[in-house]
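**Student:**
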Amino acid sequence: MANAQRGGLGSPPRAWPGTGLALGALWLLAGLLAVRQAAAVLRLPPGRRFTDLERWIGDNGVLHVRGSLYDTDDFTGTPFAGLVLKPLTKAAEQGLGIFWTFGTLLLVVALALVAARSLPGPVPRRTALLAAPVAVILAVSSLPVRNAFTLGQTSIIPVLLVLAGCCPPRLVRGSGRVSGLLVGVAAALQPAVLLFAVLQWLTGRRRAAAATGVAFVACTALTWVFMPDDSWTYWIHHIAGKGLGHAPDGLANQSLHGLLLRTGLHGPAEPASYGVLAAAVAVLGLRRAARYALDGQALLATAVAGCTAVAVSPTAWQHQQLWILLAVVGRVGRRRADRLVWPVLVVLVTTLPSTVLMPDNPVLRPLGDNAPVLTALLAACVVPFLSRTAEGWARPVPTPAAEPQPGRISWVPLFRFWRRPLTRPNVLLELMLIRVGYWFYQFIRAQAPDERSLAEAHGRQILGVEEFLHIDVEHGFNHFVAGVGWLTGGMNYYYGTFHFLVPVCLLVYLYVRRPGTYRWARTALSLATLLALAGFWAYPLAPPRLMPGLGFIDTLNGPQDLDNPDFGALTELSNQYAAMPSLHIGWSLWCGVVIAVVAPKPWLKCLGALYPLLTLSVIVGTANHYLLDAVGGALVVVAGFAIQYVLSGPGRPAYGKVPAARGESDPLPAGALGRHGGHGGHGDGVHARGEGLAGGPGRGGVSRSP
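Each position in the sequence shown, counted from 1, maps to that position plus 25 in our numbering.
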């Protein structure tokens, strides 16, 4: 923090072309999210909103009780927090909802603006303009802020006080009294914040550290004078609040102490292990925070110290985890392709529940359940954030990219600025986005209309059209399959296994061996899946096996009571009426197209073409889809490839070799060099040849995306 004057923002930035429109859109989105959050809280019935605040200052709240604040476990704050809240009881009773909601909203906006103004310099003009609305959007969308809104917690105040005391250059360069006063009051509200006094001392701000200690002692002594019994209960009996609130081993407690308890460590070994690990985390985290503060990254230093406080605190409830979101400002990786991994991870952890982050299985579920504390530990002790003097701080190594090729139609591509990267994306970033995308697919599919009468009516429409076209072969083929035991078993296994296995294996192969083709194929698959989700919403359809009175046989689940069907786990996880279009056909056709493109041998291309045909026979034979569902699945895949072609132009082949490829990489089209010919710089090893991506000099070529 001693050199924080080197960071921050300078003179008012000038707008770039298009920045005004983006700025207006971001502020509009920030306003809508803020209004939505306020409305979501105020719409809740009185018994479900401000539950913590009602326990403290409501008609029967603990702050009205003549006994101790801690006679029950409802109040988890410090005695100083209770002392501060007592004058608010009357005002809260008169207008608790609106007063508290909009007051909290103003605090969140203030916190976001302080954080945006504290970005380490040099800050590009466009970034300086867009930082404030983006910070508001992230803050309002985060789980800690949403939880604080709903519960009526005061946990935003300590974070705001610390940011105001540690980040603004004027306060950092000053005497330290004001800075120390702000941090000391924050520590009186949240004791783990006392670690910032150590950070101030390590960065040479001795007066600020002393002022922090004095302010904390003064506030705490004040509560000992007016509330001695409560102070004894909190500081001595509960050892700084340990044991108050929910069970310490519950998922709500995202601290190192809670993590150790959830791993099964109990008895004397747990506090001993916790003490040793907490001390190690505190020492390492504060040393790292001091290094970043002296480097001029005051906001990152504050975030690292805050994450350290979250980890070592005996309890860290969700509304106290806002420090983790601040770590999003850290820059990790010297390559542009790696720069997004850390901020995306932080945003996902702080905005999405654990069920979204990881699938529900015994191996990965604990990672999702403990994601906040693990992220806090990573930020405090592990992640190698770049210093401002490091190579690549302001200008990371760009990703080799190919200029868009003109299509056969003059206006293709529409996005002429969209250059195709030649190297594979970061694997961690790709896995995170795939996981969230797949959860979104499951969520939309499950939320699509599932009204039985409408779905069955659409089923009769499909059968009528097929009968008119003389292609209504589903019933006869289904009964033929059901009458052959080995065929039934094989198709049931095929239906439940290969739908995900083959696309995943193909994507892995493309990622390792054909990175350019991987991006092309992955984008088309994503677009096709999004179009299919729209189909699920627009046209809910009962598959043949769920059509009453038509005699179709459910080969996998057996005869069903359609008023109360039981399809095992799928009954709860999947919408059975999301049948049009068939993604079994869509994804298998995508596999067939990709195999036909990349397979070196003709017999492999034939197998690729056979795969969607086998899938078609399986979905019809098991009575899961109609033939027209397959047509719909094929159409969304064709549309996915077509949309990509229109937006970015042709360019299926990857335009160069990638050093990490384990053999022959993607083929080079004739003329893949253009005006940027030669070997790619910065060690990327991209080779290209010819006269241009479009076959002529100066058109297309290999460049480096900025």
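Every residue, glycine too, gets a C-beta built ideally from N, C-alpha and C.
List the endpoints of the continuous alpha helix (DSSP H) containing Pro368.
**Tutor:** 366-376 is the extent of the alpha helix (DSSP H) around Pro368.
**Student:** Report, in whole angstroms, the separation of the C-beta atoms of Ser167 and Leu347, which I expect to be a contact under 8 Å.
**Tutor:** Their Cβ separation, rounded to whole angstroms, is 7 Å, which keeps Ser167 and Leu347 in contact under 8 Å.
**Student:** Helix, strand or coil, according to DSSP, for Pro425 in the structure here?
**Tutor:** DSSP places Pro425 in strand when its eight states are reduced to three.
**Student:** Any contact between the region 617-628 and the region 560-571? By contact I mean 3 or more CB pairs, one from each, below 8 Å.
**Tutor:** No, because fewer than three Cβ pairs between the region 617-628 and the region 560-571 fall closer than 8 Å, the two stretches do not touch.
**Student:** Return helix, strand or coil for Arg360, following the three-state DSSP convention.
**Tutor:** Note: Arg360 maps to strand in three-state DSSP.
**Student:** Got a sec? Which residues, its chain only, sit under 8 Å from Gln119 by beta carbon, not counting five neighbours each side?
**Tutor:** Per-residue confidence for Gln119 stands at a pLDDT of 47, beneath the threshold of 50, marking its modelled position as unreliable; the derived number appears in the next sentence. Nothing meets the Cβ criterion.
**Student:** For the 8 Å Cβ check, are there 3 or more pairs between the region 222-231 and the region 249-259?
**Tutor:** With a cut-off of 8 Å, the region 249-259 and the region 222-231 do not count as touching, because too few Cβ pairs lie within range.
**Student:** For the region 535-547 and the region 637-644, state whether three or more C-beta atom pairs, one from each stretch, are separated by less than 8 Å.
**Tutor:** At 8 Å Cβ cutoff, the stretches do not touch.
**Student:** Within 10 Å of its beta-carbon, does Val161 have 16 or more other beta-carbons around it, so buried, or fewer, so exposed?
**Tutor:** Buried.
**Student:** So is Asn386 buried or exposed if we call it buried at 16+ other beta carbons inside 10 Å?
**Tutor:** Per the 10 Å Cβ criterion, exposed.
**Student:** Enumerate in chain order the residues of its own chain whose CB-to-CB distance from Ile668 is below 6 Å, with the five nearest sequence positions on each side excluded.
**Tutor:** Only Leu552 meet the Cβ criterion.
**Student:** Can you find the residues in the same chain that come closer than 7 Å, C-beta to C-beta, to Gly484, ignoring five residues on each side of it along the sequence?
**Tutor:** Excluding positions up to five away in sequence, the list reads Leu566, Ala567, Met572.
**Student:** On the DSSP bridge assignment, give the partners of Arg445 in chain order.
**Tutor:** Paired residues: Ala427.
**Student:** Can you list, in chain order, the residues of its chain with a C-beta nearer than 7 Å to that of His271? Leave out the 5 residues immediately preceding and following it.
**Tutor:** The answer, listed in chain order, is Ala277, Asn278.
**Student:** For the region 489-545, list the alpha helix (DSSP H) runs that are entirely contained and at least 4 residues long, ordered along the chain.
**Tutor:** Those alpha helix (DSSP H) runs which fall completely within the region 489-545 and span 4+ residues are 499-507, 510-538.
**Student:** With three or more beta-carbon pairs closer than 8 Å as the criterion, would you say the region 422-433 touches the region 501-516?
**Tutor:** The region 422-433 is not in contact with the region 501-516.
**Student:** Along the chain, where does the alpha helix (DSSP H) containing Pro296 start, and where does it finish?
**Tutor:** From DSSP, the alpha helix (DSSP H) with Pro296 extends over 294-319.
**Student:** Can you give the Cα-Cα distance for Trp418 and Arg68, rounded to whole angstroms?
**Tutor:** Near 46 Å, if we compare the C-alpha coordinates of Arg68 and Trp418.
**Student:** In the DSSP assignment, the alpha helix (DSSP H) including Leu631 goes from what residue to what residue?
**Tutor:** It is Cys, not Leu, that sits at residue 631 in the sequence shown. Counting along the chain, the alpha helix (DSSP H) containing Cys631 begins and ends at 627-646.
**Student:** Measure from the alpha carbon of Ala235 to the alpha carbon of each residue in Phe666, Leu136, Ser200, Pro216, then state which is nearest.
**Tutor:** With distances taken between Cα atoms, Ala235 lies closest to Ser200.
**Student:** Residue range of the alpha helix (DSSP H) that Pro339 falls in?
**Tutor:** Run containing Pro339: none; DSSP gives neither H nor E here.
**Student:** Comparing C-alpha positions only, which one of Gln472, Gly541, Leu575 sits nearest to Val498?
**Tutor:** Residue Leu575 is the option with its Cα nearest to Val498.
**Student:** From Arg449 to Tyr543, what does the alpha carbon distance come to, in whole angstroms?
**Tutor:** About 8 Å.
**Student:** Here's the rule I'm using: 16 or more other beta-carbon atoms within 10 Å means buried, otherwise exposed. How should Pro145 be labelled?
**Tutor:** Buried.
**Student:** Rounded to a whole number of angstroms, what is the C-alpha to C-alpha distance between Arg460 and Leu382?
**Tutor:** Each residue's alpha carbon lies about 7 Å from the other.
**Student:** Does DSSP put Asn172 in a helix, in a strand, or in coil?
**Tutor:** Note: Asn172 maps to helix in three-state DSSP.
**Student:** Give the DSSP-derived three-state secondary structure of Ser280 in the structure shown.
**Tutor:** If DSSP states are grouped into helix, strand and coil, Ser280 belongs with coil.
**Student:** What are the boundary residues of the alpha helix (DSSP H) that His609 is part of?
**Tutor:** Note, His609: alpha helix (DSSP H), 608-623.
**Student:** Round the Cβ separation of Leu48 and Pro158 to the nearest angstrom and send it over; I've been treating them as touching at under 8 Å.
**Tutor:** Yes, they are in contact, since the Cβ atoms of Leu48 and Pro158 sit about 7 Å apart, within 8 Å.
**Student:** By a C-beta neighbour count over all protein chains shown, 10 Å radius and 16 as the cutoff for buried, is Val187 buried or exposed?
**Tutor:** So Val187 counts as buried.
**Student:** Nearest-angstrom Cα distance between Arg445 and Ala137?
**Tutor:** In a straight line, the C-alpha of Arg445 is about 34 Å away from that of Ala137.
**Student:** To the nearest angstrom, how far is the alpha carbon of Ser338 from that of Ala401?
**Tutor:** In a straight line, the C-alpha of Ser338 is about 12 Å away from that of Ala401.
**Student:** Whole angstroms are fine: how far does the CA of Cys192 sit from the CA of Gln30?
**Tutor:** With a pLDDT of 43 at Gln30, under the threshold of 50, the modelled position of this residue cannot be trusted, and the question is left open.
**Student:** Express the C-alpha separation of Ala164 and Gly45 in angstroms, rounding to a whole number.
**Tutor:** Their backbone Cα atoms lie some 22 Å apart in a straight line.
**Student:** With H, G and I counted as helix, E and B as strand and the rest as coil, what does DSSP make of Thr126?
**Tutor:** Helix at Thr126.
**Student:** Tell me whether Ala388 sits in a helix, a strand or coil according to DSSP, three-state version.
**Tutor:** With the sequence shown as reference, residue 388 is identified as Val, and Ala is not the correct amino acid for it. Here Val388 sits in coil by DSSP.
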